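A.B. asks: The following block contains the structure, expressed as structure tokens.
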Amino acid sequence: MPTIDVGGRTRTYTVATSGADKRLLLVFHGSKQDGAAFRRFTGNAFDELPGTAVVYLDSYRKNWNDARAASAFPARRENVDDVAFAEAVAGRLADGRPVYAAGFSNGGGMVIRLLHERPGLLAGAAVIAAQQPAPGNFLLPGLPVVPKPVLLFHGTKDRIVRYDGGSMAAWARFAFKTGGAMLSAPATAAYFAARNGITAPPVTVDLPGSVGRAGSVGRAGSGKTSMSRTDYREDGRAPVTLYTVHGGGHTIPGRKPSPAVMGRTGNAVYATDSIVDFFGF
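For the record, in the sequence shown the residue sitting at position 238 is 237 according to numbering that gives the first Met the number 0, with numbers rising by one throughout.
Structure follows, in structure tokens:
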């Protein structure tokens with residue numbers, strides 16, 4: 000496993016490459032994971048992104064020092080410089096190629112931090128099951144705005160990071176050592192659209208296909224999920240898209256269902272396929 004020294008700490012990461020790679024994707028796992036656990040969690044789906052060198056970064060003690068002011072896990076308490084870590088890995092591996100970032104849950108929060116604090120590092124970002132912190136919970140107010148294309152995914156039945164925003168449930172605050180108010184998933188999409196200078200109203204479409212409890216196509220009333228896509232687009236502006244998984248949990252849309260405790264996994268559209276389409280990989 001490659002290592003790199005950042006801020007007096009030895010950090011680790013894993014590279015999965017698909018061949019003639021035209022771009023670099025930094026992947027930030029969720030709380031209580033590392034890069035290897037995230038690969039298992041997704042069935043190695045991100046490894047298969049075409050023309051992309053995928054780099055799975057490992058956090059400090061399984062958490063990222065994200066943009067939430069209320070975070071209280073070791074990475075925040077010890078002021079671990081995960082921004083410098085991302086920059087160092089990109090500096091070592093990009094070799095002039097564009098750099099993208101994707102993150103799940105706490106890793107999505109880390110991607111949101113990069114979008115605000117180091118936007119020049121990224122050509123675009125995908126945020127899964129994470130939201131923009133509300134103003135009183137945002138660690139990085141007042142930074143210059145640099146428009147970037149942003150792709151978001153969120154389940155309406157997410158029990159950890161609630162689709163409607165607000166504060167996490169008490170059990171989740173205790174379990175994950177974080178909290179504070181968050182914008183809703185739709186408000187997060189609108190926030191990034193406004194940053195990108197988009198004034199046109201969003202367009203929402205329902206997507207065909209749904210999945211039942213066992214992964215088969217569900218019937219009405221069977222506990223299935225469905226998905227919709229909300230697009231913020233305007234000529235000359237960086238786009239923003241939100242995929243809503245209706246009935247979905249704290250999961251990543253894809254072919255591999257998450258453990259039942261995480262909620263249902265949508266698969267009408269795979270997150271990895273959407274990344275390819277949205278960014279033009």
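From the three backbone atoms N, C-alpha and C, an ideal C-beta is built for every residue, glycine too. Since the model is a prediction, treat every value here as computed from it, not as a measurement.
#1: To which residues does DSSP link residue 25 through a beta bridge?
#2: Kindly indicate which three-state DSSP category residue 132 falls into: helix, strand or coil?
#3: May I have a chain-ordered list of the alpha helix (DSSP H) segments no shorter than 4 residues that lie completely inside the stretch 124-191?
#4: Around the Cβ of residue 51, are there at least 16 other Cβ atoms within 10 angstroms (buried) or fewer (exposed)?
#5: Counting C-beta neighbours from all protein chains within 10 Å, is the total for residue 147 16 or more, i.e. buried, or is it exposed?
#6: List the whole-angstrom C-beta distance separating residue 105 from residue 30, where the pair is believed to meet the contact cut-off of C-beta under 8 Å.
#7: Thinking C-alpha only, which one of 270, 135, 277 and 263 is nearest residue 67?
#8: By the 10 Å Cβ neighbour count, where 16 or more other Cβ atoms means buried, how is residue 152 classified, buried or exposed?
#9: Helix, strand or coil: which one does DSSP assign to residue 81?
#10: Excluding sequence positions up to five away, which residues of its chain have a Cβ less than 6 Å from the Cβ of residue 208?
#11: Where do the ends of the beta strand (DSSP E) carrying residue 16 lie?
#12: Which residue comes first and which comes last in the alpha helix (DSSP H) that contains residue 274?
#13: Under the rule that 16 or more other beta-carbon atoms within 10 Å means buried, what is residue 142, buried or exposed?
#14: Please go through the same chain and pick out, in chain order, the residues whose beta-carbon is closer than 8 Å to the beta-carbon of residue 22, but skip the five residues on each side of it.
#15: Which residues bound the beta strand (DSSP E) around residue 111?
#16: Would you kindly work out how many angstroms separate the C-alpha atoms of residue 259 and residue 118, rounded to a whole number?
#17: Could you check which residue in 127, 193, 78 and 6 has the C-alpha nearest to that of residue 282?
#18: I think residue 129 touches residue 149, with their Cβ atoms under 8 Å apart; what is that distance to the nearest whole Å?
#19: Could you name the residues of the same chain whose beta carbon sits closer than 8 Å to that of residue 73, not counting the 5 residues immediately before and after it, in chain order?
#20: Pick from 240, 231 and 170: whose alpha carbon is nearest that of residue 273?
#21: Where residue 8 and residue 198 are concerned, what is the direct C-alpha to C-alpha distance, given to the nearest angstrom?
#22: Would residue 42 and residue 12 qualify as a contact pair, given that the criterion is a beta-carbon distance under 8 Å?
#23: Using the three-state DSSP reduction, which class does residue 91 fall into: helix, strand or coil?
#24: Leaving aside the five residues before and after residue 5 along the sequence, list all residues of the same chain whose C-beta is less than 6 Å from its C-beta, in chain order.
#25: If you drop the 5 nearest sequence neighbours on each side, which residues of the same chain put their C-beta closer than 7 Å to that of residue 194?
#26: Decide if residue 177 is buried, meaning its Cβ has at least 16 other Cβ atoms within 10 Å, or exposed.
#27: Compare the Cα-Cα distances from residue 248 to each of 237, 263, 26 and 203 and report the closest residue.
#28: Under 8 Å by Cβ, that's how I've got residue 270 and residue 256 pegged, so tell me the actual separation to the nearest angstrom.
C.D. replies: Looking at the coordinates:
#1: 54 and 100
#2: strand
#3: 169-175
#4: buried
#5: buried
#6: 4 Å
#7: 135
#8: buried
#9: helix
#10: 267
#11: 8-16
#12: 270-278
#13: exposed
#14: 50, 51, 52, 96, 97, 98, 99, 122 and 280
#15: It is not in any beta strand (DSSP E) - residue 111 instead sits in the alpha helix (DSSP H) that spans 105-116.
#16: 36 Å
#17: Because the chain spans 0 through 280 in this model, residue 282 falls outside it and cannot be assessed.
#18: In fact, because the Cβ distance is near 11 Å, the residues do not count as touching under 8 Å.
#19: 59, 60, 62 and 79
#20: 240
#21: 44 Å
#22: no
#23: helix
#24: 83, 84 and 87
#25: 144 and 146
#26: buried
#27: 263
#28: Actually they do not touch by this definition, with Cβ atoms about 13 Å apart.
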